[in-house]
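Enquirer: The numbering of the sequence shown is full-length UniProt numbering, which starts it at 1 and goes up by one.
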Amino acid sequence: MKRIINTLSQKWPEYLLEILVITIGILGAFALNNWNERRKASLESHTMVLQIRSNLYRDRISLEEGIETINRRDSAYNLILKNKASADSLSLRFASFTSLASAAVDFDQSAFEQIKSSGQLGLLDDSLVQRLQSLYLDYGKNEENRAFYIKVVENEIRPLFTRLCYNMNPEEPVDILPNGNLPVKMDDMLKYVSHPSLRKPLIMQKFTSKQMKEEYKNHLIKIEEILELINQNLSK
């Protein structure tokens, strides 16, 4: 026992040094592991933000195209409502007047939904998450107006315009051509576009168009603010 005590009393600095080395090694390993975890989380967050930014870029393009299409269609409506349509002007705008798909905007929330479903929202900046949730909530709220806008074109204006161009009674049913093309000359079409039965749905659609454009513009404002925040975070 005395021998052990003597040995400890003589070599305690060495033993203490060994203990310190082991302790430092353990702490260093923990620190390295934590650093690796933080770096991994940072890389994952960076990738997520890039994916979200890509979605927002697509939404911005889609919204800008949607506004442009609505403006072209409104120009066609104005020509018809004011009885100023000519063969040339109507032919230039007929595609936007009768088209449906190009006026609808398909929003892309896939990146955010994937992050949310995987339980990784905590890796993103709180302010970014709140702004994205606000934007996507607005998308959902305005879905009803978009559906109504499409419904008026699909169920009222387009079928009615088709019947008129066929020189049929506006009250009679007619099969709509799948491709939307009308086998009539543009000069003949001018005889029918001033029909009074077109005025009500066109006026209704112009009112809806105004609402949709305001909603689209508000979406664009929010998107620009979010993109600015994202770019600031990425530059850090």
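Just so you know, even glycine gets a beta-carbon here, dropped at the ideal spot from N, CA and C.
Can you look up LYS236 in the DSSP assignment and give me helix, strand or coil?
Expert: Coil at LYS236, not helix or strand.
Enquirer: In angstroms with no decimal places, state the Cα-to-Cα distance between ARG93 and ILE115.
Expert: Unreliable positioning characterises ARG93 in this predicted model, as indicated by a pLDDT of 49, which lies under 50. A coordinate reading is not provided.
Enquirer: Mapping the DSSP letters down to three states, classify VAL49 as helix, strand or coil.
Expert: Looking at VAL49 - three-state DSSP - the assignment turns out to be helix.
Enquirer: Please report how far the alpha carbon of ALA111 lies from the alpha carbon of GLN205, in whole angstroms.
Expert: Going from the Cα of ALA111 to the Cα of GLN205 covers about 33 Å.
Enquirer: Rounded to the nearest angstrom, what separates LEU128 and GLY119 at their Cα positions?
Expert: When rounded, the distance between both Cα atoms is 16 Å.
Enquirer: Run through DSSP, which three-state label would GLY140 get?
Expert: Looking at GLY140 - three-state DSSP - the assignment turns out to be helix.
Enquirer: Which residue comes first and which comes last in the alpha helix (DSSP H) that contains LYS82?
Expert: LYS82 -> no alpha helix (DSSP H), and no H or E assigned at all.
Enquirer: Measuring straight from C-alpha to C-alpha, what distance separates SER134 and ASN55?
Expert: Between SER134 and ASN55, the C-alpha separation is close to 15 Å.
Enquirer: For the 8 Å Cβ check, are there 3 or more pairs between the region 56–76 and the region 212–226?
Expert: Because the criterion of three Cβ pairs below 8 Å is met, the region 56–76 and the region 212–226 touch.
Enquirer: Let's test the definition: count the other Cβ atoms within 10 Å of the Cβ of PHE107 and tell me whether it reaches 16, buried, or not, exposed.
Expert: So PHE107 counts as buried.
Enquirer: Can you tell me whether DSSP reads VAL105 as helix, strand or coil?
Expert: Three-state DSSP puts VAL105 in coil, outside helix and strand.
Enquirer: Does the separation of the CB atoms of LEU124 and SER45 fall below 8 Å?
Expert: A contact, by the Cβ cut-off of 8 Å.
Enquirer: How should ARG199 be labelled, buried or exposed, when 16 other C-beta atoms within 10 angstroms of its C-beta is the threshold for buried?
Expert: Exposed.
Enquirer: Run the CB neighbour count on GLY66, radius 10 Å, all protein chains shown included, and call it buried at 16 or more, exposed below.
Expert: Looking at its Cβ environment, which holds 16 or more other Cβ atoms inside 10 Å, GLY66 is buried.
Enquirer: For ALA147, count the other beta carbons within 10 Å of its own beta carbon; 16 or more makes it buried, fewer makes it exposed. Which is it?
Expert: ALA147 is exposed by the Cβ-count criterion.
Enquirer: One question on the structure: do ILE226 and VAL49 come within less than 8 Å of each other, judged by their Cβ atoms?
Expert: Contact: no.
Enquirer: Buried or exposed for SER209, please, with buried defined as at least 16 other CB atoms from any protein chain shown within 10 angstroms of its CB.
Expert: Looking at its Cβ environment, which holds 16 or more other Cβ atoms inside 10 Å, SER209 is buried.
Enquirer: Just to check my reading of the structure: VAL105 and LEU137 have Cβ atoms closer than 8 Å, yes? What is that Cβ distance to the nearest angstrom?
Expert: The Cβ separation is near 16 Å, so there is no contact.
Enquirer: According to DSSP, is SER54 part of a helix, a strand, or is it coil?
Expert: If DSSP states are grouped into helix, strand and coil, SER54 belongs with the helices.
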